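Structure record follows, encoded as structure tokens.
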Amino acid sequence: MIERQPSDVKARAQALRTDKSFIIQAPAGSGKTELLTDRILALLGGVTKPEEILAITFTRKAAAEMHARVLRKLRAGLSDQEPASTHEKNSWLLARAALARNEQQGWDLLNHPARLKVRTIDAFCAQLVRSMPWMSAMGGMPGIADNPEQLYLQAARQLLEHVDHNDSVQDVLLHMDIDLVSVERLIVDMLARRDQWLQETVNTQAAMTQLRMALTDVMEQKLDTLAEAMPFSYASELAPIARLAAASQAETAVCMLEPLLDWDGVPLAGSVEALPQWQALSRLLLTGSGGLRKRLTVKEGFPAKSAHKQAMQDWLDAWQNDSEHWTGLLAEVSGLPSEVLSERQEKIIRSLLEALKLAAAELMLVFQEEKQVDFIEIAQRAALALGYTDDPSDMLLKLDARISHILIDEFQDTSQIQIQLIEKLTLGWSPGDGRTLFLVGDPMQSIYRFRKADVGLFLSVASEGINGLELEKLVLTENFRSQAGVVNWVNQSFRHVFPEYDDLTLGAIRYTESVAFNAAADGPAVRFHPVYQAEDKDAETTQAEAEQRTLELVRSALAANPDSEHPVAILVKARTHLGALMQLMQRNGIPVRAVELNPIRAEQSVIDLVQLIRALAHPADRVAWLSVLRSPVCGLTLKALTHLFGDSRDTIAFRLQTVLAQEAEFAPLLGDEWPRLQRCARILLDRSHVVADIAFSSHVESVWRALGGYGVYASDTAFADFQAVFDLVDRLAPYGDLNPADLEDALARLYSATSAEQRAVEIMTMHKSKGLEFEVVILYGLHRRPRSDTAPLLRFERNRNRLLMGPIKPKAAEETDKLSAMLGAMEKRRSDYELDRLLYVAATRARQRLHLVSQVQCKQGQVVEPPRGSLLSRLFSLFELVPPVPQEPRESATVDAVISDVQGPQLSRITTQALAQLPVTASGNAVMASAGSGWQFDDKYEASIGTVTHAWLARIGQDHMQGWNEARLQAAREIIVRQLENEGLRQAQARTGAQRVYDLLSCCLASEKGRWLLSHAQARQELPLTSMDGKLLIVDVAVSTDTGWLVVDFKTGERREHEPQDVFEARMKDTYRLQLQGYCERLSRLDGREATAAIFALDTGDWIEFDPAQLASAL
């Protein structure tokens, strides 16, 4: 059988020529890592030393994978057995040649693999700084800050201290209406991206000159593009009409068309001088929203019945359906600044530049004081260590002699500073000298703008080369990852999603199609699962349906791929788009591996532990101490806390000592809460076991264990979270001198542990999924709108290697600065293009199946377009959607209302009986005690079941059962779980309880009496009444009948085992007779009509009716 060869086999073979330099475009699934490692093997077969080859990538994981794969291929080359497949055979042959060279030169690579130089860009820069500390001006290798934002913040605060004697800082503060908090935050953001502006703004005057030139360039680019796009003969047709309209407008109002009064019919030029005429033409032709006008009024210069009005209307009508391109460009031009740079703009830009440079100087001082730097500083100092173009350093000369071949992976994610490093490393290279540059990347997968990546650099290098070194561009087209059904859908879809042309300035990348290597699988490869939200369905129910649909897809994927290590993944744009989906998976027993999704500080278990840490570190932290006493490890009620500490100004610790000493006074007042307080206080106050050589984290851990924290939160996930927090405390404050702000800041960067099982549903953001692959991929929450861009203090944009700058609008001003708005619009376009690419990255992770799950709005039976900017909006036109049949509008409580009726989260306390089993101090055996013992809690299970069930019955009754059936109840199941959790039940209890609630509701809907009761037109749900002593009474259902009132009480109590029916009914009547008699009495007083009562037993569907004599006997 003839082996199928990839469609791009010639390009792959060409890429292994070791005498040429290449830039490779390698789309998703094209096997770029294989190509890179084969290239390294090919180079090893010809170099004198392996150190002549430098391979650079951007993550430690990618570097480790590349290094390991080269070694694996070398070891495979030791075998004399030739592989069967062509691809493996080619790698084997290259490895054999490399091993022969290894043997010839005595490298001993397999025993000394470190000689293979595969580095991250950050590691390479750090190596340069370590090698040349005097040239890098750092005097030695400082530490890399885990959280450089704290260093930026310190520098920003030091900058603001100059306000009294620095005019630039004063100007910036006045510009921002003296909002110190905002200015501080904005400066921090600017310092975090200083590599984009600092180097080119050292000379303010030169920067302003460059800005004027760059602004003129960009404005004329836009005008040239518009001039070319305008309809043929537009000028000769519109000029006479425009002159008349301008003249007419000048007679009645402010003339917005004045620049067109003298238009002679010649096409407008693409120069800045013609900008006023272009903007006047925009006002003539376009509405405020940017669309072509459909009607004309005297306000626009067109009096009724005027000849030029009809001529203008005819022209507009002719272009109404064929004007999208040029009207969009014309609308864009209308927003350009009216002049290149105003005096006011120049003044504030100068002040901002001076203030920012001063902030950068303050940051250098902070770096020196803290002996820490960020990666930006390392990269900049590495570039400094290499010298300058006309004055290379000794280090650069040594590297130039040592390095013959440079390979760079993920080149689409290169930043400006990294390009400068590459330019310096290749400064002395010339074509034909035997040295090569090999750049691999996929501009369609450039998604890291927030890391300063500039996809335009890929396009620039591909077209212009580096340092005069031309690179041959090769495009890989074969997709080895996905089956043909997925590849074909991606091709058909994304050719419409991506822009039509490349744009280096805006980072626009046109789509390049792939060819599937794998045959199509049976069944649909890609499916869209719309979850419709019509007017009669609330958002909570819709979200629950989407979550349930996703759960079913995950179950199916796990079952269909039992042998895969990565069977299924759920990808979202942002963590907040997940909702309760991960909790749903966990409740249903599905192993979950979440990648940096759950901030650890949001976990209740960690919240309680952190309060304990703060309390032990700072005895005067009143909130922390009270939080510990209120938490489940102690469980005091708010009433008890208020009674004990409400009027006391002493520290909580001192007050606890007083309370313990006065047991005779306080024990009777607290009742069963006294044992809780007594035991917890003794553990917290006990210092006998604290010794100098015990780390603070160990002390905290022993107290937490003694309090029962491991038992209250007994899951494996909670245990892993605790250990992460203890490790953090040990690093931040080994001796207890803990800074609360440092703790909170460090916790913000920690994420909760998830299942470590091998086969699990993997949940992550789309950004985190890059480079990974899964059998089945589910794209979830596509309807969500991405977060809008936050305006920086000073916008920086590049245009043809010139820096554009635009200031943030004055805080007190209503209108945005047009220069900054223009740059903001460019940034928005760039962001939109990157979102296109992010969606492509997410879709191409799938090997076998791709599912898209999203909510879709419906109104009046029609599908509503998704929010602009959402990922769904990019694909929406590809799907033919049939909305569900709309139901009649109804007045009903929303699910949110049902949820609000249920009380908020309540603490599940350790029971009094369990307290006796716990140690009374944190010393001795308590530190070594096992965390696996069983625990008992106050039982509010049945009460929670009743509360939630009653809330849903009220909801159904208010709807008069319209639209309610088994399917709708099923869709609401996950909302019920969440409500029970809000009631204080644990996950397992809530899951079991949700089934119980579902069964009770189903029983009611299946019962003839139940349906009658919930659909009755004269039934009042949750009717509030007031008792004789002023207490509020809530009647489950009160039905107004022809003879009076019928009061019905829903009961969830179960019939006892072997209990006869008549005994059960008698017991229920005896139990609730007084309650129902009170309801009847209050209702009768409303209108004088007789009231009767009945119990509806939800467990059995029994209707237990009282006769009037039974109710009367209760009086």
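Quick note on numbering: the sequence shown equals residues 1 to 1115 in UniProt numbering. A virtual CB, placed ideally from N, CA and C, is assigned to each residue, including glycine. All of these numbers come straight from a predicted model, not from anything done at the bench.
By the DSSP assignment, the beta strand (DSSP E) with residue i in it spans what residues?
| i | result |
| --- | --- |
| residue 1045 | 1045-1051 |
| residue 836 | Per DSSP, residue 836 belongs to no beta strand (DSSP E); it is in the alpha helix (DSSP H), 818-843. |
| residue 482 | 478-483 |
| residue 436 | 436-441 |
| residue 764 | 761-765 |
| residue 848 | 846-859 |
| residue 1124 | Absent from the model: residue 1124. The displayed extent of the chain is 1 to 1115, so no value can be given. |
Just to confirm, is the Cβ distance from residue i to residue j under 7 Å?
| i | j | result |
| --- | --- | --- |
| residue 576 | residue 620 | no |
| residue 148 | residue 374 | yes |
| residue 946 | residue 1007 | no |
| residue 701 | residue 567 | no |
| residue 593 | residue 214 | no |
| residue 684 | residue 640 | no |
| residue 355 | residue 172 | yes |
| residue 1117 | residue 176 | With the chain running from 1 to 1115 in the structure shown, residue 1117 is simply not present. |
| residue 876 | residue 196 | no |
| residue 349 | residue 443 | no |
| residue 1063 | residue 1096 | no |
| residue 732 | residue 742 | yes |
| residue 1016 | residue 872 | no |
| residue 773 | residue 849 | no |
| residue 708 | residue 785 | no |
State the CB to CB distance for the pair residue i and residue j, rounded to an integer number of angstroms; the pair is presumed to be in contact (CB under 8 Å).
| i | j | result |
| --- | --- | --- |
| residue 836 | residue 497 | 5 Å |
| residue 807 | residue 352 | 6 Å |
| residue 257 | residue 246 | 4 Å |
| residue 710 | residue 598 | Rounded, the Cβ-Cβ distance is 20 Å, inconsistent with contact. |
| residue 71 | residue 113 | 6 Å |
| residue 738 | residue 617 | 4 Å |
Can you tell me where the alpha helix (DSSP H) holding residue i begins and where it ends?
| i | result |
| --- | --- |
| residue 102 | 86-105 |
| residue 72 | 60-76 |
| residue 1102 | Segment 1102-1105 is the beta strand (DSSP E) holding residue 1102; no alpha helix (DSSP H) there. |
| residue 550 | 539-560 |
| residue 280 | 275-285 |
| residue 945 | 941-958 |
| residue 657 | 652-661 |
| residue 1015 | 1008-1015 |
| residue 741 | 740-747 |
| residue 873 | 871-875 |
| residue 324 | 324-334 |
Can you confirm whether residue i, when its beta carbon is compared against all beta carbons of chain C, has any partner nearer than 7 Å?
| i | result |
| --- | --- |
| residue 535 | The displayed structure is made up of one protein chain only, and chain C is not part of it. |
Q.
Would you call the stretch 411-428 in contact with the stretch 383-399, where contact means no fewer than 3 C-beta pairs closer than 8 Å?
A. yes
Q: Give a yes or no on contact between the stretch 468-487 and the stretch 506-520, applying the rule of three or more CB pairs nearer than 8 Å.
A: yes
**Q.** Meets three-Cβ-pair contact criterion under 8 Å: the stretch 777-784 and the stretch 831-847
**A.** yes
**Q.** the stretch 51-67 contacting the stretch 90-110, beta-carbon criterion three pairs below 8 Å
**A.** no
Q. Is it true that the stretch 405-413 meets the stretch 439-446, where meeting means three or more beta-carbon pairs spaced less than 8 Å apart?
A. yes
**Q.** Complete runs of the alpha helix (DSSP H) confined to the stretch 174-255 [at least 4 residues]
**A.** Whole alpha helix (DSSP H) segments, 4+ residues: 180-191, 204-229, 234-252.
Q) Are the stretch 477-484 and the stretch 23-33 in contact at 8 Å, needing three or more beta carbon pairs? A) A contact exists between the stretch 477-484 and the stretch 23-33.
Q) Can you find at least 3 beta carbon pairs, one from the stretch 628-644 and one from the stretch 608-620, that sit closer than 8 Å? A) Taking a contact to require three or more Cβ pairs closer than 8 Å, the stretch 628-644 and the stretch 608-620 qualify as touching.
Q) Enumerated in chain order, which unbroken segments of the alpha helix (DSSP H) with a length of 4 residues or greater are wholly contained in the stretch 684-718? A) Restricted to the stretch 684-718, the alpha helix (DSSP H) segments that are unbroken, complete and at least 4 residues in length are 696-707, 709-712, listed in chain order.
(Q) Does the contact criterion of 3 or more C-beta pairs under 8 Å hold for the stretch 145-159 versus the stretch 361-369? (A) yes
**Q.** Touching by the beta-carbon criterion (3+ pairs, under 8 Å), the stretch 851-861 and the stretch 534-554
**A.** yes
Q.
Check whether the stretch 117-128 and the stretch 55-64 are in contact - that is, three or more C-beta pairs closer than 8 Å.
A. Flag = yes, the stretch 117-128 and the stretch 55-64 touch.
Q. In chain order, which continuous runs of the beta strand (DSSP E) of length 3 or greater are located wholly inside the stretch 504-537?
A. 515-518, 526-533
Q: Would you check if there are 3 or more beta carbon pairs closer than 8 Å linking the stretch 8-26 to the stretch 456-475?
A: Yes: at least three Cβ pairs fall under 8 Å.
Q.
Give the list of continuous beta strand (DSSP E) stretches no shorter than 3 residues that lie fully inside the stretch 399-460.
A. Within the stretch 399-460, the runs of beta strand (DSSP E) that reach at least 3 residues and sit entirely inside it are, in chain order, 405-408, 436-441.
Q: With a floor of 3 residues, list each beta strand (DSSP E) that falls wholly inside the stretch 575-620, ordered by position along the chain.
A: 592-594
Q: Could you tell me whether the stretch 332-343 touches the stretch 272-284, where touching means 3 or more Cβ pairs closer than 8 Å?
A: yes
Q: Evaluate the contact criterion for the stretch 255-270 versus the stretch 226-245: three or more CB pairs, one atom per stretch, below 8 Å.
A: yes
Q. Are the stretch 269-277 and the stretch 217-229 in contact at 8 Å, needing three or more beta carbon pairs?
A. yes
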